[in-house]
Amino acid sequence: MNKPLKVSLTAVLLWSVAVVPATTITFMATADAAHAKSDNAGGKGNGGGNSGKSNSGKSANAGGKTSATTSSGSVAKGKSDTARSNGSDPVGKMVDRLLGRDKAKMVRTKTTTRKVAAKRSTVVAKSQKPASRPEKGPMHPSNLGNMNGALNANVNAVLAHIKNGNTNGPVGHLAALAVANVNAEGAQEIIDLKEDFVDLQEALDGTPYETVAEYYEALDGVEPIVIEDIDNKIAALDDAVASQDALDAALADSPYATEEDYLDAVAGGADPIPAVDSAISNLMDPVVAQDELDMALSDNGYEGDTALADYEVDREGVEGIEEIAEVSDAIGALGGDVEARTDITEEEPSDEAVAGAEDDIAAQTDAEIAILDYWNKNEDADPEITEEEQALLDKLNERLAAEEEAIKAAVGTDEPDVMDEESDGEDVAQCDDGDESCAPEDEIAAVVE
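Those letters in the sequence shown? Residues 38 to 486, by the numbering used here.
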C-alpha cells in the first residue's frame, strides 16, 4: 500500500470513529475494495503484462504452483488480513479492535482451497538394447571371397569354360569340378560292386562249397533215392557171391580143390559129395550179376567206378546244412535270393573297369582339393575337410546339379567355344584376395547359345 494512501486512510478512520461508526464501516469497505483492486492489479501485472517477473518464475499465478481463494473471494484481501494479523500494520490492528474484528477472527475460520498442480510422474523408458545382428555363417558372401564368383557364376560361363578346358579363376575351378563329377558318375557303384563279389568269394572260401549252386544244394540236402531195378541187381550180385562162397566152403571140406576136379572125379567113378553137389546146383555167376548191376546203374545216371557208391549215398539221403549268414548276405547283395534259391543277378566288373572308376574318383577328389586351395578365405591347412569346407563343396555341387543335363552335354562336346581374346583364357571378372565379397561374372568370356 502506498504511504499517502495509508495516511489518508488513518485520518479518515480516526474521524469516522469519533463521528459516525456506521460510516466507518462504509469507508472500510471502500478501503478494502481499493486494496483488493490494487493487489489484483499487481497480480494481473505479474501474470500477464510483467513478462520479466513471469519469466523469472517468481509469480505464483503465472507459475501455476498455488492459487488461494478466501471466503470473500479476494486473494488480495487474504494477503492483507495476513499482514495485519502478523502485526505489520498497527493502524489495522487498532481498527480491528475498535470494530471487534479481532474477536471475530478468533471465531471465524478462514477456508482456503489450494489447487495443487497434479504431480507429474516422469517415466523414463528403459532403453531397448538394439537387436543383435545374426551371426554371419560360413556361406555368407563376406566369408566366401573369390568363391562368390563360382557360386553366382552364369551357367553359360561354366559351360564355356568346360568346352574350352579352361580351369582358371573361380568359374574355371567350378568347371573342373563339374567335369570331374560327370566322369565320376557311377564310378563308386562299380567299385562297390566289385567289393561285393570279393565279399562273396571270401565267404565261400570258408566253406566246402565253391559256387552258389553248391551252397544251395547243401542247404537243401539230398532226399533218399531208391531205384528198385538197381536194388534188385545189387541183391542178385550178393546172392551170386554167396553161392560162390558156399561152393568154396564145400570144396574145402572135400578132397577136391576146384569144381572141375570134383566133377571129373565123379565122372571117373568117385562117390558124389552131397554138400558139393548142393553148392554147385545153387551156384550163380558173380561176373554176370556184376554186369547186370553196372547196366542198371548206368541206366539211372550213375557212371564210373563210383557209380555204386554214389547211388548208395543218394539212397541214404543227406540232411541239409544250416544257413551260413556271411554267404547268404553276400548272395543277397548281388541280387540273389537264398530263400527262393535263385542265383545272383549282378555281373562282376572287370579289373579294367574298376581301375578306371578309381581314377575318376581320384580326379573328383583332386578337383575338390583344388577349389579349397584356391579359396582365398580358407585359412585351414589341415588335410581333413572341415565343416566350412564341406559346406562350400555342398553348395557348389548343388549349384552344378541344377544344370546337370547341360553340363553333360558340354562335357561330351569336343568343339571348343570362342573365348574373348582379351581374356586370354582367364576369367573376365577376377576376384582379388583382399575383396570381402567377389561379384559374380556378369561378363563372361564366351556365351553358349
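Even for Gly, the Cβ is constructed at its ideal location relative to N, Cα and C. Quick caveat, the model's predicted, so the values are computed rather than measured.
Residue interval of the alpha helix (DSSP H) (run including residue i)
i      : result
Lys445 : 441–448
Lys200 : 192–201
Thr402 : 388–411
Pro207 : 206–221
Val324 : 323–336
Tyr252 : 249–257
Ala307 : Neither: Ala307 is in no alpha helix (DSSP H) and is coded neither H nor E.
Glu384 : Run containing Glu384: none; DSSP gives neither H nor E here.
Asp282 : 265–289
Arg436 : 424–438
Glu363 : 362–370
Leu178 : The sequence given here places Pro at residue 178; Leu does not occur at that position. 178–181 is the span of the alpha helix (DSSP H), which, as asked, contains Pro178.
Ile227 : 224–242
Ala294 : Taken as a continuous stretch (DSSP letters only), Ala294 belongs to no alpha helix (DSSP H), as it is neither H nor E.
Val355 : First-last for Val355: undefined, no H or E at that position.
Asn185 : 184–188
Whether residue i touches residue j by CB criterion (7 Å)
i      : j      : result
Ala344 : Leu334 : yes
Leu274 : Ala316 : no
Ile381 : Gly393 : no
Glu493 : Gly354 : Limits of the chain in this structure are 38 at one end and 486 at the other, which puts residue 493 out of reach.
His177 : Ile408 : no
Ile358 : Ala255 : yes
Arg378 : Tyr253 : yes
Arg352 : Ile262 : yes
Lys414 : Gly182 : yes
Val375 : Lys231 : no
Ala250 : Glu363 : no
Ala389 : Gly258 : The residue you asked about is not Ala; residue 389 is Glu in the sequence shown. No, these two residues do not count as a Cβ contact at 7 Å.
Glu383 : Val192 : no
Cutoff 6 Å; reference residue i; Cβ partners in own chain excluding five residues on either side
i      : result
Trp412 : Met184
Ala404 : Ala213, Leu214, Ala217
Leu320 : Ser280, Leu284
Tyr299 : Tyr293, Val313
Thr423 : Asp417
Glu426 : Leu409
Tyr339 : Asp347, Tyr348
Asn434 : none
Ile264 : Asn337
Sequence-distant residues of its chain with Cβ nearer than 7 Å to residue i (five each side left out)
i      : result
Arg436 : Leu188
Val278 : Pro323
Pro245 : none
Ser291 : Tyr299, Ile310, Val313
Val208 : Gly186, Ala187, Ala190, Ala194, Val195, His198, Asp464, Glu478
Pro386 : Ile227, Leu230, Lys231
Ser365 : Val375
Residues near residue i by beta carbon distance below 8 Å, same chain, minus five either side
i      : result
Ile271 : Leu330, Leu345
Glu421 : none
Asp336 : Asp266
Ala370 : Asp233, Asp236, Leu237
Val56  : At Val56, the pLDDT of 47 sits below 50, so the modelled position is not reliable and the matter cannot be decided from this model.
Val303 : Pro309
Asp276 : Met321, Ala326
Ser93  : Residue placement at Ser93 is poorly supported in this model, since its pLDDT is 39, which falls under 50; the coordinates still yield a value, given next. Closer than 8 Å at the Cβ level, and outside the excluded window around Ser93, lies no residue.
Glu360 : Leu256, Val375
Between the stretch 195–208 and the stretch 435–446, do three or more beta carbon pairs fall short of 8 Å? yes
Using 8 Å as the Cβ pair cut-off and three pairs as the minimum, do the stretch 216–230 and the stretch 396–410 touch? The stretch 216–230 vs the stretch 396–410: in contact.
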